[in-house]
Structures are given as C-alpha cells and as structure tokens.
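Asks: Have a look at this one.
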Amino acid sequence: MLTYLKSPEFALDPSFPRFHLPQPLQRPVLRADPSIVTRRLSEDDKFLIFASDGLWEFLTNQEAVEIVHNNQRAGIAKRLLVSALERAGRIRRMPYEEIKKLDNGVRRHVHDDVSIVVVFIDHEMLDGDDTATSELSVRGFVDVVGPSNFDFS
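For the record, in the sequence shown the residue sitting at position 96 is 96 according to full-length UniProt numbering, with numbers rising by one throughout.
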C-alpha cells in the first residue's frame with residue numbers, strides 16, 4: 001500500500017518498522033465525505049460560494065456573503081482569501097504581508113489550504129428559451145459529454 005501523508009513522521013521508507021499493522025487495511029483510512037445541501041434557487045439568489053474549510057475556519061457564511069455582495073465581481077475570490085488570511089494574521093498577531101512571505105511549510109502553522117470558487121447566477125439567462133446546452137461530466141480530467149452520474153435524490 002502506497003500512501004502520501006503530509007506529516008513527515010508518517011512519510012517513512014516502507015521498510016521502517018514504526019507503524020506495522022497486525023492485519024492489512026480493508027478500507028480507506030482517510031475519506032472525503034462531502035457535505036451536500038440542496039435548495040431551489042430563487043430570484044433573490046445572486047451567487048454561490050464554493051470553498052474549502054480553510055476559508056470557513058476564519059469567515060462565517062454571513063461574512064463571506066457580505067464580502068461578495070458588497071464588492072465588484074472581478075477578483076472576488078481573492079478578496080475572500082485576503083479577508084480570511086487577514087483574520088488568520090490577527091489571530092497569530094502577524095500582518096497579512098508577513099504571511100505572504102512565509103514558506104509553505106511554515107504557513108501551514110498559520111492557516112490551512114484555501115480553495116474558493118464564486119459562481120454568479122444570471123436569472124435572465126436561466127429563464128430564456130435559448131439556454132439549451134449539452135450536459136458535461138468531467139471524469140479523470142477527460143471531457144465526456146453526457147448526463148452526469150450525480151444522484152440528485
């Protein structure tokens with residue numbers, strides 16, 4: 001079994017006898033079980049924020065919504081990132097500009113990885129009759145045109 005772990009104490013040569021298990025593992029040690037919430041969009045819905053826990057560790061849902069709502073669209077994901085890192089800096093008593101200068105290994109002690117995507121919703125475009133588009137499913141970095149296998153139930 002080959003494994004990649006971020007902590008150096010686990011990234012040892014397979015012959016090193018530090019972590020031997022009496023039986024081989026039968027299921028994954030780490031899993032990614034996403035939180036999925038479904039809701040119907042209304043006219044009041046203007047955007048969606050998809051982000052990793054690195055953002056939500058420092059900003060509440062309401063704070064993120066206010067940042068997106070009160071600022072220009074261009075560069076909005078970066079603005080969310082900067083807001084989160086400024087908050088992380090205040091907690092660690094370290095200015096944002098100093099956080100940017102840290103090496104990746106050291107930055108890990110200040111904040112987790114952060115991924116952010118903001119999608120703006122154009123209701124006029126959604127309501128139009130000419131919105132026929134083909135479905136697209138991306139699997140293994142290969143574009144496959146066809147219906148998604150996502151279970152909407």
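The C-beta atom is built at its ideal place from N, Cα and C for all residues, glycine as well.
1) How big is the Cα-Cα spacing for Ala51 and Gly89?
2) Are the Cβ atoms of Ile99 and Asp45 separated by less than 8 Å?
3) Which one or two residues does DSSP pair with Glu49 in a beta bridge?
4) Compute the Euclidean distance between the alpha carbons of Asp87 and Arg27, then round it to the nearest angstrom.
5) Do you know offhand how far Lys78's Cα is from Pro22's?
6) For Glu97, does the three-state DSSP call read helix, strand or coil?
Replies: In terms of the structure at hand:
1) 19 Å
2) no
3) The question names Glu, but residue 49 is Ile in the sequence shown. Answer is Val118.
4) In the sequence under discussion, the amino acid at residue 87 is Arg, which differs from the Asp named in the question. Going from the Cα of Arg87 to the Cα of Arg27 covers about 38 Å.
5) 47 Å
6) helix
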